[in-house]
Structures are given as C-alpha cells and as structure tokens.
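The opening residue of the sequence shown carries number 1 in the numbering used here; numbering runs sequentially from there.
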Amino acid sequence: MKLQDIIAALDLDPALLEGGTLEVRSPIDGALIGRLREDTADEVDAKIGRAAEAFRAWRDVPAPRRGELVRLFGEELRANKQALGALVTLECGKSIQEGWGEVQEMIDICDFAVGLSRQLYGLTIASERAGHRMSESWHPLGVCGIISAFNFPVAVWSWNAALALVCGDPCVWKPSEKTPVTALACQALLERAMARFGGAPEGLSSVVVGGRAVGEQLVDDRRVALVSATGSTRMGREVGPRLARRFARSILELGGNNAMIVAPSADLELAVRAILFAAVGTAGQRCTSLRRLIVHESVYDRLVPRLQAAYSQIRIGDPLEQANLVGPLIDRDAFQGMMHALARAREERGRVLAGGERVLPEKGPDAYYVSPALVEMPAQTEVVRHETFAPILYVMRYRDFDEAVQVQNDVPQGLSSCIFTTDLREAERFLSAAGSDCGIANVNIGPSGAEIGGAFGGEKETGGGRESGSDSWKAYMRRQTATVNYSNALPLAQGIKFETI
Ligand code: NAD
C-alpha cells in the first residue's frame, strides 16, 4: 500500500501532512511522509485548557455511556485495520504483520474497556463503629497526558486512552516526533467515533505534535492530573522528578533488558522459535525484545548452532512485503547505537556469532537495515547490562539454576523475563518471590508479545508503572473512602473519648 492510498483509505486530510517544519520520513526508504506543523506553546496550552473544560462535562457522563464511545472507536478501528496497520509499518518500519497486530491490540483494549465501563467497582468496608457504613468509590481523575515512544506508535496510546476515556478522563497525547502521522490518523478515527456518539465534549481527545519541549509542557502543566509516559529510562529520569515536584500522578513505562533462561529440560524446538520472534521481531525494537539468553551448559552446544543457522535465514527487507520478517531500524542514531554496542561487546571479549552488519544499501542512504546480531559473551559485562534498542542478542552460559536467576535479575531494568523448562520445580521457582524480579515472567513463552488482559509494565529502571489490563484502570481514577454515620451517636474511631460537655 502506498502512502497516498493509505491516506485516502483512512480519509485523512492530506493538508495535515503539509506546511510544517517537522519532517517525518519513512525508515523503509527514507522517503518523506510529510512536513507536519508543530504545536506552539500557546496551542498546547489551549488544548490542555479545552481538555480541562471537557473533564467537567465528561466526568458526569455515566461510565457505561462513556464505554459506548470506546465501543464505537473499536468499530472504526476494525473497519480501518488494514490501512492503519500499513501506516504504522510505513512510519515506524515494523513488519506489516506486526503493524496489523498493533491495531488488533487497540481493538482488544477497546473491547476490554467497554466491559470495564460497567465494572469500575468499589468496596464496602466493615466499620468498627455501630450505625456506620464505610465504602470506597472510584471517581474520574482529570486530564490524562500520554507521551508515547516511536516503536509502538498507536497501541500504547490506546492502552491508556481507552481506559482513561471510560474512567472519565480526557486525553492529551504527545506522540513520538518520529511517528506523529499515525497519531493524527488515530485522532481522526476517534473524532469519527465521537461524531457518531453525539455529545462528546470538545477537547475530549487531542494530539500535540512536537518534540521534547512539548512533552515537558504537558508534564509541567498543573491541569494535567496524570501523565503516562512511555520511552527510554533517560526520558523517565527527567519526567518522573518533574511530575513528583508538583505531586502529579505518573505511569512510567521505560526501558527493558529482557532475558530468557534455557534450562536442561527445555523443548529446544519451541525455544528456538520463541527466541527468533522475541530477539529479531520488530528489528529488536520492542521494550520487551529478548536481549539476553542465559543457556545451561548442557544444551548450549545444541542450541547455539541452531540459532546461528536460523539467523542466517532471516528475511530482511521492506516490511510492507509479508515475506520479510525484519524491517529497518528507525534511524541513523539507532544504527550507530547498535554499532557502538557491538564494538564494546568485542572489547569486553564478546564474539559475534552471526549478523551485526548493515545490509540492503540499495534501499537508500537514509534507510538502515541490519542483520540481527548473535553475540557470545563470557559473562554479563557492562554492555549486556545496558539496553541497546536494536537486534543484538547476547548469549551466556550457566551451570546452576540459582546462578541463572541471579544473572537474569542483575540488570538495572525489570520489564520482562522468561524460562524454557519442562521441570515444574524450576518453573515455579522462577515465578516465586525469589525468582524473576520483573513485571512480566513467562514460562515456555518468549518475553515479548503480551496480551492486553494482564497489567503491563516493569520494575526498577523500567519505572514501576502498569497499564492495559487487570486493575490498571485504578491509576486513571481517584479513590474516595466515605464513612456515613446513620446513628444518633458520634463515636470516635479507635474508641477515643473527647467529651467537652
Ligand atoms: P524516547 O525516550 O526517546 O522518547 C519517548 C517519548 O518521550 C517521545 O515522545 C519523546 O518526545 C518524549 N520525551 C523525551 N524526552 C522527554 C522529556 N524530557 N520530557 C517529556 N517528554 C520527553 O524513546 P523512544 O526512542 O521513542 O522509544 C524507545 C524506548 O522506549 C526504549 O527504551 C524502550 O524500551 C522504551 N519503551 C518502553 C515501553 C514500556 O512499556 N516499558 C514501551 C515502548 C517503548
């Protein structure tokens, strides 16, 4: 699908892509997608103001009715899955299967949020005082700011927006400056759903286009009650303290450094397939990409040659063609980051077993395709402990199960982890309090490709935030504890006596 066809299929106003200063290029071939207008500080201010205004109306709309808007949005996504998925691929370079998958994830979270809109349950609590009733209710919180990364240009926004909207919160979205066109397309689809819904307040959802400064403005604005920020740990280190300074809520979804332990009893057939998808899928540009492989010494010499063979057969190329499984890196910086990491790995006595080179130069000087790298390391050195956002898989040996878990946990990040084993004891120990310290821990499944039903996020430098499924919705609401006295007395809690007459 060509850009013009996608724009036409989505019925997107072509004028949105012209006349601005933010140049957006496709990583597929470096071709210009558009020159977008960036929002000025005044425009950002006005959009936040309209969102704050919208909050006053939206919080009074019954939650199941708010869910109806999200249901309609899900319908728009279903009808436009092909085109929106292709736009995701064109703008961020992931394979078309993954582009469609990302839109499917949006549809799934809409379905989840619609059901949730009738289940924003509170509690009743036993009071210690006679004639008293205690309860806990959840109320809309306020404007939700969403800052998103380039590698999941639409799904991560929808995880936040679908929940925020049913919870009663308007949204202001600052997408990555590398992928703003998909954001404008999502906003257009949501506006179409709002038109069908009838009566959604103006400013309920908006997009602010720009770089870091626009993100900072969203972070610093007191009218924004919650900021959900997805991106690098570097970004989170700046955003977290700024939000804390004004006591705003935050959901931080930051970098990962995800590992797989391959135990002696592992089904190696399954492990190889899982490793390939997790390590080279999305060209290693998922927060949950597999970056560290910790292999028991008894299976190392059977597993690693199979991986080498599989790596030599990976189809790299234009991600819009379904046969290609690996597309380009997002840009030159990403390519240089990968080359730098490989050089450091060699300095730290690593050995490149496969890949690690720039390929397909005919795609143009601004298109950075690489062969995914498999690197054998003597130990978990400094470079291994660092998240390089590119397809590098470091392989290490282990002898003892506890040592493997310790290596898996001994990195600053704590997003996703997994073990391949058929030994029940090992599997359960991996999932126990003394096992993986990550937000996500899988058995006989790779670390990437989470379902929306679970809470998504990680510990340590990954930021501690949770979004998407389970009870993540609570982050978008404020909790109110209420005590009602329906007696004729005024007993104090803890039996305190305070008699003046
Ligand atoms: P990035 O940190 O460069 O940018 C992310 C977003 O933050 C962009 O919209 C950017 O404009 C904005 N931003 C940057 N500095 C800011 C600041 N000081 N104040 C406000 N906003 C600021 O990340 P990226 O290169 O787009 O994405 C890759 C990174 O994102 C990787 O580290 C990856 O692991 C992480 N990621 C994490 C998750 C997760 O759920 N944990 C999901 C996707 C990506």
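We put the CB at the ideal spot given by N, CA and C, even for glycine.
Spatial neighbours of residue i within its chain, please: C-beta separation below 7 Å, excluding the five flanking residues on both sides.
{"i": "residue 106", "result": "77, 154, 155, 158"}
{"i": "residue 264", "result": "296, 298, 299"}
{"i": "residue 308", "result": "353, 354, 374"}
{"i": "residue 207", "result": "173, 175, 183, 184, 187"}
{"i": "residue 408", "result": "259, 261, 294, 417, 436"}
{"i": "residue 99", "result": "85, 86, 88, 89"}
{"i": "residue 242", "result": "219, 220"}
How about residue i and residue j: do their beta carbons lie closer than 9 Å?
{"i": "residue 218", "j": "residue 224", "result": "yes"}
{"i": "residue 452", "j": "residue 436", "result": "no"}
{"i": "residue 289", "j": "residue 412", "result": "no"}
{"i": "residue 461", "j": "residue 215", "result": "no"}
{"i": "residue 109", "j": "residue 229", "result": "no"}
{"i": "residue 55", "j": "residue 170", "result": "yes"}
{"i": "residue 22", "j": "residue 269", "result": "no"}
{"i": "residue 381", "j": "residue 349", "result": "yes"}
{"i": "residue 421", "j": "residue 442", "result": "no"}
{"i": "residue 372", "j": "residue 295", "result": "no"}
{"i": "residue 249", "j": "residue 227", "result": "yes"}
{"i": "residue 404", "j": "residue 374", "result": "no"}
{"i": "residue 464", "j": "residue 277", "result": "no"}
{"i": "residue 185", "j": "residue 36", "result": "no"}
{"i": "residue 30", "j": "residue 240", "result": "no"}
{"i": "residue 329", "j": "residue 369", "result": "yes"}
What is the residue span of the alpha helix (DSSP H) that residue i lies within?
{"i": "residue 277", "result": "268–280"}
{"i": "residue 6", "result": "3–10"}
{"i": "residue 303", "result": "297–312"}
{"i": "residue 342", "result": "332–347"}
{"i": "residue 243", "result": "233–245"}
{"i": "residue 212", "result": "212–220"}
Tell me the rounded alpha-carbon separation between residue i and residue j.
{"i": "residue 571", "j": "residue 468", "result": "Limits of the chain in this structure are 1 at one end and 501 at the other, which puts residue 571 out of reach."}
{"i": "residue 118", "j": "residue 138", "result": "12 Å"}
{"i": "residue 275", "j": "residue 376", "result": "15 Å"}
{"i": "residue 286", "j": "residue 151", "result": "7 Å"}
{"i": "residue 282", "j": "residue 231", "result": "16 Å"}
{"i": "residue 386", "j": "residue 10", "result": "39 Å"}
{"i": "residue 203", "j": "residue 126", "result": "41 Å"}
{"i": "residue 345", "j": "residue 95", "result": "28 Å"}
{"i": "residue 26", "j": "residue 89", "result": "9 Å"}
{"i": "residue 80", "j": "residue 120", "result": "29 Å"}
{"i": "residue 495", "j": "residue 136", "result": "22 Å"}
{"i": "residue 483", "j": "residue 75", "result": "41 Å"}
{"i": "residue 15", "j": "residue 205", "result": "20 Å"}
{"i": "residue 182", "j": "residue 457", "result": "23 Å"}
{"i": "residue 426", "j": "residue 399", "result": "14 Å"}
{"i": "residue 466", "j": "residue 440", "result": "11 Å"}
{"i": "residue 71", "j": "residue 188", "result": "16 Å"}
{"i": "residue 485", "j": "residue 131", "result": "6 Å"}
{"i": "residue 164", "j": "residue 129", "result": "36 Å"}
{"i": "residue 362", "j": "residue 315", "result": "16 Å"}
{"i": "residue 257", "j": "residue 454", "result": "20 Å"}
{"i": "residue 53", "j": "residue 143", "result": "9 Å"}
{"i": "residue 91", "j": "residue 166", "result": "29 Å"}
{"i": "residue 332", "j": "residue 359", "result": "13 Å"}
{"i": "residue 93", "j": "residue 432", "result": "38 Å"}
{"i": "residue 341", "j": "residue 383", "result": "7 Å"}
{"i": "residue 43", "j": "residue 474", "result": "30 Å"}
{"i": "residue 233", "j": "residue 254", "result": "5 Å"}
{"i": "residue 492", "j": "residue 500", "result": "14 Å"}
{"i": "residue 6", "j": "residue 481", "result": "49 Å"}
{"i": "residue 472", "j": "residue 114", "result": "15 Å"}
{"i": "residue 317", "j": "residue 356", "result": "15 Å"}
{"i": "residue 46", "j": "residue 323", "result": "46 Å"}
If I measure Cβ to Cβ from residue i and keep anything under 6 Å in the same chain, skipping five residues before and after, which residues do I get?
{"i": "residue 515", "result": "It is not possible to answer for residue 515, since the shown part of the chain is limited to 1 through 501."}
{"i": "residue 211", "result": "177"}
{"i": "residue 194", "result": "200"}
Can you name the start and end residues of the beta strand (DSSP E) that residue i belongs to?
{"i": "residue 440", "result": "440–443"}
{"i": "residue 488", "result": "Note, residue 488: premise wrong, no beta strand (DSSP E); not H, not E."}
{"i": "residue 250", "result": "249–253"}
{"i": "residue 23", "result": "22–25"}
{"i": "residue 259", "result": "258–262"}
{"i": "residue 224", "result": "224–230"}
{"i": "residue 352", "result": "351–354"}
Contained alpha helix (DSSP H) runs [length at least 4] in the region 78–127, N- to C-terminal order: 81–92, 96–116
Inside the region 118–185 only - beta strand (DSSP E) runs reaching at least 3 residues: 123–125, 132–140, 143–147, 171–174
Ranges of the beta strand (DSSP E) found wholly within the region 356–391, counting only runs of at least 3: 373–376
Continuous alpha helix (DSSP H) assignments of at least 4 residues falling wholly in the region 392–436: 401–409, 424–431
Those runs of the beta strand (DSSP E) which lie wholly inside the region 36–77 and span at least 3 residues: none
Unbroken stretches of the alpha helix (DSSP H), 4 residues or longer, contained in the region 459–486: none
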